[in-house]
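Using my numbering, read the sequence shown as starting at 649 and increasing by one per residue. We treat Cβ as the ideally placed atom computed from N, Cα and C, and that holds for glycine. Keep in mind the model is a prediction, meaning the values are calculated, not measured.
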Amino acid sequence: MNSRPTLDSGISADEFKTHYWLLEELVAFCKLHGIKSSGGKLDITARIEKYLRTGSVSSNKISVKKPTSKFNWANEPLTLQTTITDNYKNSENVRAFFKNQIGEHFKFNTEFMNWMKANTGKNLSDAAEAWNQIRLKQKSPDYTPEIAPQFEYNKYIRDLLTDNPGLTIKEAIACWKEKRSLPIPKKYDKEDLRFIL
């Protein structure tokens, strides 16, 4: 097994990018060097890469557009005509509304939550229809949910097991552990089976 370099300010940005780092390692590096450590793994990785390339820390001031709506999604009565506002939040009130409209099987899912955020100005009737369309798509036998890029481990394991249904999860994890230790992309490749054969 190849050993990774230590994550410190002496590592080059290019070498940093070739290795897999745990979120805890990235956050610790950020705190040590005064780099903003909040946000997703991809954001933190980009900040560290910039620091390693330039030696400078961003001002960390990001202008965020504040919602203009004061609608209270947690307490306001909801109807099918309620307009989705720019301050939409999932809440028990919203969950209860959709369970009443769609049925007890209603559950929030990532695709629906993204739809809600992207469709300010539409109404909850449109949202209920969108949820039903998403559910139909997800029930299709050939549906595979997308795994966000920051979840390299999950994507690797799923891709390996899909390509090799006879392998166990333990074998898949063993492949991942070997792969992540190497300075190569962390995407599944048929050649990775060499790690366990």
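Spatial neighbours of residue i in its chain, beta-carbon cut-off 7 Å, leaving aside the 5 residues before and after
i       : result
Ser-685 : Val-675, Cys-678, Lys-679 and Ile-692
Tyr-801 : Trp-824
Trp-721 : Tyr-736, Lys-737, Ser-739, Asn-741 and Val-742
Alpha-carbon spacing of residue i relative to residue j, whole angstroms
i       : j       : result
Trp-669 : Pro-653 : 11 Å
Leu-726 : Asp-734 : 16 Å
Ile-696 : Ser-704 : 10 Å
Thr-730 : Tyr-804 : 41 Å
Glu-673 : Gln-781 : 40 Å
Glu-724 : Phe-746 : 14 Å
Thr-716 : Thr-768 : 12 Å
Met-649 : Leu-808 : Low local confidence applies: a pLDDT of 49 at Met-649 is under 50, so the model's placement there is unreliable, with the coordinate-based value given in what follows. So the two alpha carbons sit approximately 20 Å from each other.
Ile-821 : Pro-813 : 14 Å
Arg-783 : Pro-793 : 12 Å
Cβ neighbour criterion (16 or more within 10 Å) applied to residue i
i       : result
Leu-690 : exposed
Tyr-791 : exposed
Ile-683 : buried
Thr-702 : exposed
Ala-775 : buried
Pro-833 : exposed
Ile-817 : exposed
Leu-700 : buried
Phe-760 : buried
Same chain only: Cβ atoms within 6 Å of residue i, ignoring 5 sequence neighbours per side
i       : result
Ala-778 : Trp-763
Asp-840 : Cys-823 and Lys-827
Phe-843 : Cys-823 and Glu-826
Phe-754 : Phe-746 and Lys-747
Sequence-distant residues of the same chain with beta carbon closer than 8 Å to residue i, five excluded per side
i       : result
Leu-728 : Gln-749, Asn-771, Leu-772, Ser-773 and Ala-776
Gly-688 : Gln-798
Asp-811 : Tyr-836 and Lys-838
- Task: Kindly provide the ranges of any alpha helix (DSSP H) runs that are 4 or more residues long and lie completely inside the region 720 to 770, ordered along the chain.
- Result: 740 to 750 and 758 to 766
- Message: For a minimum of 3 consecutive residues, which ranges assigned as the beta strand (DSSP E) are wholly contained in the region 678 to 716?
- Response: none
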